[in-house]
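In the numbering used here, the protein residues as written are 31 to 229.
Structure record follows, encoded as structure tokens.
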Amino acid sequence: MSTLSQTLAFQLKLDSRAKNIALVTTGTLFIALMAQVAIRLPFTPVPVTGQTLAVLLTVAVLGSVRAIASTSLYLGLAVAGFPVLAPQTDGSHITGVQVLAMPTLGYVVGFIVAAAIIGKLADLGYTKKLLPALALMVLGNVIIHALGFSTLKVLLDTTWANAFAWGVAPFIVGDIFKIAIAAASLRGAWYAVNRFKSL
31 MSTLSQTLAF QLKLDSRAKN IALVTTGTLF IALMAQVAIR LPFTPVPVTG
81 QTLAVLLTVA VLGSVRAIAS TSLYLGLAVA GFPVLAPQTD GSHITGVQVL
131 AMPTLGYVVG FIVAAAIIGK LADLGYTKKL LPALALMVLG NVIIHALGFS
181 TLKVLLDTTW ANAFAWGVAP FIVGDIFKIA IAAASLRGAW YAVNRFKSL
């Protein structure tokens with residue numbers, strides 16, 4: 031291979047890597063931004079936020095590797111001390127090692143697990159059509175809530191019924207709306223990502 035060919039190949043690889051980093055970072059920032067849209071309910075430590083919408087949309091368009099990286103970076107930033115999680119009632123944020131003991135940790139871990147599973151199916155093209163995408167978003171939501179309320183049960187040392195009442199039941203109707211919004215935004219998100227990749 032000529033020196034010019036090697037240089038061009040390296041440049042293309044570098045450009046691709048830079049684009050992937052940009053997509054991962056954008057996904058993380060989108061999740062962090064939507065986490066700030068938070069409503070605290072008086073009977074549960076789990077807030078109503080826009081995180082699930084952001085995660086489902088990010089996972090659907092980024093695919094498994096980038097989505098896992100994006101959601102893992104989100105958790106990593108919180109542990110590193112950045113105020114990316116949903117704010118508390120007084121406006122403060124849980125950061126640092128305290129993140130690993132917070133009752134809602136399971137939901138954030140659920141983001142990563144959903145990224146791995148739904149992202150892999152996105153890699154296979156299942157999120158490029160509306161109905162399969164809707165089904166996968168529902169599945170992703172179930173995964174997030176399953177890990178979330180299970181962790182809630184353990185960390186708060188409560189019953190399964192209480193954990194479900196605090197961590198799942200109040201959010202079902204809102205999640206339906208968030209899934210609908212994410213699905214409706216999917217075509218535009220795919221267009222934006224593909225447009226960026228072609229630059």
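By construction, the Cβ of each residue, glycine as well, lies at the ideal position given by its N, Cα and C atoms.
These numbers come from a predicted model, not from an experiment.
Task: Best match in Tyr104, Leu130 and Ala210 for proximity to Met167 [C-alpha to C-alpha] - done: Ala210
TODO: Could you check how far apart the C-beta atoms of Pro113 and Thr125 are, in whole angstroms? I think they sit under 8 Å.
DONE: 6 Å
- [ ] Specify the secondary structure class of Ala116 as computed by DSSP and reduced to three states.
- [x] coil
TODO: Count the CB pairs spanning the segment 89-98 and the segment 50-58 that are closer than 8 Å, and state whether there are at least three.
DONE: Output reads yes: the segment 50-58 touches the segment 89-98.
Task: Residue interval of the alpha helix (DSSP H) (run including His175) - done: Leu160 to Leu185
Open item on the list: Going by beta-carbon coordinates alone, are Lys238 and Lys49 separated by less than 8 Å?
Closed with: Residue 238 lies beyond the range of the chain shown here (31 to 229); nothing can be said about it.
Task: Cβ-based burial, Ser231 [other Cβ within 10 Å; buried from 16] - done: Residue 231 falls outside the range modelled here, since the chain spans only 31 to 229, and no answer is possible.
Open item on the list: If the criterion is Cβ atoms closer than 8 Å, does the pair Ile142 and Ser102 meet it?
Closed with: yes
TODO: Mind reading off the beta-carbon distance from Ala152 to Val89? Whole number of angstroms is fine, and I expect it under 8 Å.
DONE: 7 Å
- [ ] Please report how far the alpha carbon of Gly197 lies from the alpha carbon of Ala163, in whole angstroms.
- [x] 24 Å
Task: Cβ shell of Leu83 (< 7 Å), same chain only, five flanking positions each side left out - done: Met64, Lys208, Ile211 and Ala212
TODO: Under 8 Å Cβ to Cβ from Leu105, same chain only, skipping five residues before and after it: list those, please.
DONE: Val129, Val138, Val139, Phe141 and Ile142
Task: Reduced DSSP secondary structure (H/G/I, E/B, other) of Ile69 - done: strand
Task: Per-residue burial, Ser100 [other beta carbons within 10 Å of its own, 16 or more giving buried] - done: buried
Task: Pairwise C-alpha distance: Pro133 and Leu229 - done: Using only the alpha carbons, I get a separation of about 42 Å.
Open item on the list: Am I right that Pro200 and Leu87 are in contact with their C-beta atoms under 8 Å? What's the rounded C-beta distance?
Closed with: Going by Cβ atoms, the distance from Pro200 to Leu87 rounds to 22 Å, so no, they are not a contact pair.
Open item on the list: Among the candidates Ala108, Ala68 and Leu154, whose CA atom is the shortest distance from the CA of Thr58?
Closed with: Ala108
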